[in-house]
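Q: Quick note: to get this note's numbering, add 69 to the position in the sequence shown (first position is 1).
The beta-carbon is built from N, C-alpha and C at its ideal position, and this holds for glycine as well.
As the structure is a prediction and not an experimental result, all values here were calculated from the model.
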Amino acid sequence: MNAIFRYLLPRLAWTLILLALLSLLAHWSDRLAIKANGKTQLRAVLFINGTLGDKSFFDSAARGMRRAGHELPVSVRVVEGGNDPTRWESGLSDLADSGDYDIVLAGTYTMVPYVQRLAAEFPRTRFVMFDATVDYAHCACGNVHSILFRQNEGAYLAGYLAAMLLQAHLLPGVPPNAGLGLVGGMQLPVIDDYLLGFGAGARAANPSVRMAVQYANGFSDPAAGKDIANAQIAAGAGVIFQAAGATGQGVTEAASEAHRYTVGVDLDQYEMYRHSNPQRAAAIITSVLKNVDVAIVQALTLALRQQLPYGRADSLGLAEGGIGMAPHSEVLDRLPVPLRQRLDAVRADLVSGRVRLPSGFASASAEARG
Numbered sequence: 070m071n072a073i074f075r076y077l078l079p080r081l082a083w084t085l086i087l088l089a090l091l092s093l094l095a096h097w098s099d100r101l102a103i104k105a106n107g108k109t110q111l112r113a114v115l116f117i118n119g120t121l122g123d124k125s126f127f128d129s130a131a132r133g134m135r136r137a138g139h140e141l142p143v144s145v146r147v148v149e150g151g152n153d154p155t156r157w158e159s160g161l162s163d164l165a166d167s168g169d170y171d172i173v174l175a176g177t178y179t180m181v182p183y184v185q186r187l188a189a190e191f192p193r194t195r196f197v198m199f200d201a202t203v204d205y206a207h208c209a210c211g212n213v214h215s216i217l218f219r220q221n222e223g224a225y226l227a228g229y230l231a232a233m234l235l236q237a238h239l240l241p242g243v244p245p246n247a248g249l250g251l252v253g254g255m256q257l258p259v260i261d262d263y264l265l266g267f268g269a270g271a272r273a274a275n276p277s278v279r280m281a282v283q284y285a286n287g288f289s290d291p292a293a294g295k296d297i298a299n300a301q302i303a304a305g306a307g308v309i310f311q312a313a314g315a316t317g318q319g320v321t322e323a324a325s326e327a328h329r330y331t332v333g334v335d336l337d338q339y340e341m342y343r344h345s346n347p348q349r350a351a352a353i354i355t356s357v358l359k360n361v362d363v364a365i366v367q368a369l370t371l372a373l374r375q376q377l378p379y380g381r382a383d384s385l386g387l388a389e390g391g392i393g394m395a396p397h398s399e400v401l402d403r404l405p406v407p408l409r410q411r412l413d414a415v416r417a418d419l420v421s422g423r424v425r426l427p428s429g430f431a432s433a434s435a436e437a438r439g
């Protein structure tokens, strides 16, 4: 019996070692999400700190995930965190801790502290932060890639267009000497970047144009957006620029009812309403496109190639295709050629850097320094 035991013991030990190695290899194969048929090479999840259906920022992000899942060998999932901010950190943590994903994506400034903490806690998980950046100088964030957008560039172009249209009296139903309204969801650097850019563009087209700015204190309150828009219309606004998420839907509703006009953000809002609500679509001049969907597809493409630069933030604007302006609407399609040429020249100046733009982020930095 002892001889048999001495014979089997080494073989049993080697068998256990082999099983452990096979288990480890299986674990890492699963971690990389590599399937034998080669269809899936990466597993990505997007956490939405809110809900879908805003016809703006979050819907654009979700569209990017769907595109990635369709065009790339990537398995994707979108998780809605709801409108209770106290649940966002735990929701993101659960995804990072699950081991089910190679890359966790999250956006907006609100999620920055959570991503910074989780990046240190789960160093093998990669994170993509969009529309905000972690503080690389003060966090262990070598596994985080951040994507910023120069939305003030697109907003400048839209502001120039809006003021030019008012000055040329090309907006039916808008009285002479009408001004501009600007509605922000909350007073945040990214929102101020929109509003400052829009205002600068409007002043460049017409230095005497009147403007009124108001914040709604939230991104998911269309009723508040409608109230603000109605007040601005009563005060003489002919065009209202809204950077307010779902709150902006109320702005567009008020404008369409009063025969006034809006400029939206993030997604092509004219195209979204063109078939479902033609009256509302007719009130939309254009939208400043923040191509979150494009940025997400680009990031996941680079991640697949192992070329995504973790540990740093990249900035996308007009030149990189991260920011744009929707090309069609009932108003834009009637734009006279000379005005279109002026607009094209302004865009070229923005891309070349010849236009110096105000920045909501620079203002925030100055305030922080006191």
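Does S125 pass the burial test, meaning 16 or more other C-beta atoms within 10 Å, or should it be called exposed?
A: The residue is buried, with at least 16 neighbouring Cβ atoms inside 10 Å.
Q: By the DSSP assignment, the alpha helix (DSSP H) with Y178 in it spans what residues?
A: Careful: Y178 lies outside any alpha helix (DSSP H) and carries neither H nor E.
Q: Runs of 4 residues minimum, wholly inside the region 172-232: which ones carry the alpha helix (DSSP H) assignment?
A: Listed in chain order, they are 181-190.
Q: May I ask which residues mark the beginning and end of the alpha helix (DSSP H) holding V420?
A: Note, V420: alpha helix (DSSP H), V406 to S421.
Q: Are A224 and F267 close, meaning C-beta to C-beta below 7 Å?
A: It is a contact, given that the beta carbons lie within the stated cut-off.
Q: Could you check what DSSP says for S428 in three-state terms: helix, strand or coil?
A: S428 falls in the coil class under three-state DSSP.
Q: According to DSSP, what are the bridge partners of A382?
A: Answer is S215, bridged to A382.
Q: Expressed to the nearest angstrom, what Euclidean distance is found between the alpha-carbon atoms of G122 and Q367?
A: Roughly 23 Å separates the two Cα atoms.
Q: Under DSSP, the beta strand (DSSP E) around G390 begins and ends at which residues?
A: From DSSP, G390 is part of no beta strand (DSSP E); its letter is neither H nor E.
Q: Express the C-alpha separation of V252 and N286 in angstroms, rounding to a whole number.
A: Each residue's Cα considered, the two are about 10 Å apart.
Q: Unbroken beta strand (DSSP E) runs of length 3 or more, entirely within the region 286-374: which are they?
A: If we require 3 residues or more, the beta strand (DSSP E) runs fully inside the region 286-374 come out as 306-312, 330-334 and 353-359.
Q: Just the C-alpha distance for G248 and G305, rounded to the nearest angstrom, thanks.
A: Answer to the nearest angstrom: the Cα atoms are 6 Å apart.
Q: What did DSSP end up calling L240 once you bin it into helix, strand or coil?
A: Coil, per DSSP.
Q: Looking only at its chain, what residues have a beta carbon closer than 7 Å to the beta carbon of Q318, apart from the 5 residues adjacent to it on each side?
A: Excluding positions up to five away in sequence, the list reads K124, P291 and G294.
Q: Would you kindly work out how many angstroms separate the C-alpha atoms of Q220 and G119, rounded to a whole number?
A: Their Cα atoms are separated by approximately 21 Å.
Q: Give me, in chain order, the residues of the same chain whose beta-carbon lies closer than 8 Å to that of M180; leave out the 5 immediate sequence neighbours on both sides.
A: Around M180: F116, N118, W157, L161, M198 and A201.
Q: Mind reading off the beta-carbon distance from V278 to A232? Whole number of angstroms is fine, and I expect it under 8 Å.
A: 5 Å between Cβ atoms; contact.
Q: Among residues of its own chain, excluding the 5 on either side of P245, which ones have a beta-carbon nearer than 8 Å to its beta-carbon?
A: Result list for P245: H238, in chain order.
Q: Using the three-state DSSP reduction, which class does A130 fall into: helix, strand or coil?
A: Here A130 sits in helix by DSSP.
Q: Count Cβ pairs between the region 340-350 and the region 358-367 that sit closer than 8 Å; are there 3 or more?
A: Segments in contact, no.
Q: Determine, using beta carbons only, whether A431 and E399 come nearer to each other than 7 Å.
A: Against a cut-off of 7 Å, the Cβ pair of E399 and A431 comes out as no contact.
Q: So, are the CB atoms of Y284 and V308 less than 7 Å apart?
A: Not a contact, by the Cβ cut-off of 7 Å.
Q: So, L387 versus V420, is the Cβ gap smaller than 7 Å?
A: In this structure, V420 lies closer than 7 Å to L387 by Cβ.
Q: For D171 and L111, which I take to be in contact (beta-carbon distance under 8 Å), what is that distance rounded to the nearest angstrom?
A: That pair is a contact at about 5 Å.
Q: Terminal residues of the continuous beta strand (DSSP E) containing R112?
A: Its beta strand (DSSP E) spans residues L111 to I117.
Q: Short of 7 Å in beta carbon distance, which residues of its chain neighbour L141, apart from the five on each side in sequence? Order them along the chain.
A: Excluding sequence neighbours, L141 sits near L369, T370 and L373.
Q: Less than 7 Å between the beta carbons of A137 and V147, yes or no?
A: Their beta carbons are not under 7 Å apart, which means A137 does not touch V147 by this criterion.
Q: Quick one: measure Cβ to Cβ for V143 and V184, integer angstroms, because I've assumed they're closer than 8 Å.
A: Not quite, the Cβ-Cβ distance comes to about 20 Å (not below 8 Å), so this is no contact.
Q: Between the alpha carbons of V415 and L187, how many angstroms are there, rounded?
A: So the alpha carbons of these two residues sit roughly 42 Å apart.
Q: Give the DSSP-derived three-state secondary structure of D402 in the structure shown.
A: DSSP places D402 in helix when its eight states are reduced to three.
Q: Beta-carbon separation of S325 and Q348 under 7 Å?
A: Yes, they are a contact pair.
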